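Remarks on the structure that follows.
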Amino acid sequence: MTLSRRAFGMAALSTLGLAACSGGDGLPKSEGSNFIEGDGSYVQWKADERKEPVEFSGTTVDGDTVDLADYRGKVVVLNTWFAGCAPCRSEAPDLEAVWQQYSGRDVQFLGINTYDTADVAASFQRSHSITFPSILDAKSGAAMLALRTYSPQATPTTLVLDPEGRVASRVSGIVSTSTLTGMLDDAGATPAPTDGTTPTATGAPA
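Structure below.
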């Protein structure tokens, strides 16, 4: 395959951008050659097309044990990330905003950190004011193994589970707030209050 000069130049700039990216917060720079950046593609499965519930457990950044089965009855957002991933940095504020928006509406967010130590992951979450929990999956790979059917190779990847624990939709790459809220609503999140109140997020920070 032959690249045009324009395509070659854009590819080179993209590579340099990833390699040089740093948030200035002491966190690792992007692992430009060690992860696949998604293209934002979106897949949705109708209720009668969904497979068996996803099952895995793990240890959070704070050392707590999380079992995905404990979230049955809630719509669950799973988001893969690691601190050196530039797209993860970009989408972090939007994820936190949607988490706050949907708190108290039978929704739970759970991050899946695929690369970092607890200290690095904790630093990332403090820097980006993330309050929902994340598990550390680098050593066991249990979460990624449980999700292998849904091809979450790109980082970040966001999957939404219905209240039965089945994958209802997936975005490969950065997910926008409008797309994520639509995914949550379609999967069965409780409608927003009509009295104008805003629930407070209750998930344990990680």
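According to my numbering, the sequence shown is numbered sequentially starting from 92. Where is the CB? At the ideal position from N, CA and C, for every residue including glycine. Fair warning: this is a prediction, and the values are worked out from it, not measured in the lab.
Mapping DSSP to helix, strand and coil, what is residue i?
i: Gly-149; result: strand
i: Gln-191; result: helix
i: Tyr-133; result: strand
i: Ala-280; result: coil
i: Ser-225; result: strand
i: Thr-156; result: strand
i: Ala-174; result: coil
i: Ser-220; result: coil
i: Gly-164; result: coil
In whole angstroms, what separates the C-alpha of residue i from that of residue j?
i: Val-262; j: Tyr-133; result: 5 Å
i: Asn-170; j: Ala-259; result: 14 Å
i: Ala-229; j: Val-189; result: 26 Å
i: Leu-201; j: Asp-276; result: 17 Å
i: Thr-42; j: Gly-154; result: Given a span of 92 to 297 for the chain in the structure shown, any question on residue 42 remains unanswerable.
i: Asp-207; j: Glu-140; result: 34 Å
i: Glu-146; j: Leu-159; result: 6 Å
i: Leu-238; j: Thr-249; result: 11 Å
i: Pro-178; j: Glu-255; result: 29 Å
i: Asp-197; j: Thr-151; result: 21 Å
i: Val-266; j: Gln-244; result: 15 Å
Given a threshold of 16 other Cβ atoms within 10 Å of its Cβ, counted over all protein chains shown, does residue i qualify as buried or as exposed?
i: Ala-174; result: buried
i: Ile-236; result: The sequence shown places Leu at residue 236, not Ile. That one is exposed.
i: Ala-212; result: buried
i: Ser-225; result: buried
i: Pro-184; result: exposed
i: Gly-149; result: buried
i: Glu-143; result: exposed
Residues bridged to residue i by DSSP?
i: Gly-264; result: Its beta-bridge partners do not exist; DSSP assigns none.
i: Leu-169; result: Leu-201 and Leu-250
i: Val-258; result: Leu-252
i: Ala-209; result: Answer is none; Ala-209 lacks a bridge partner.
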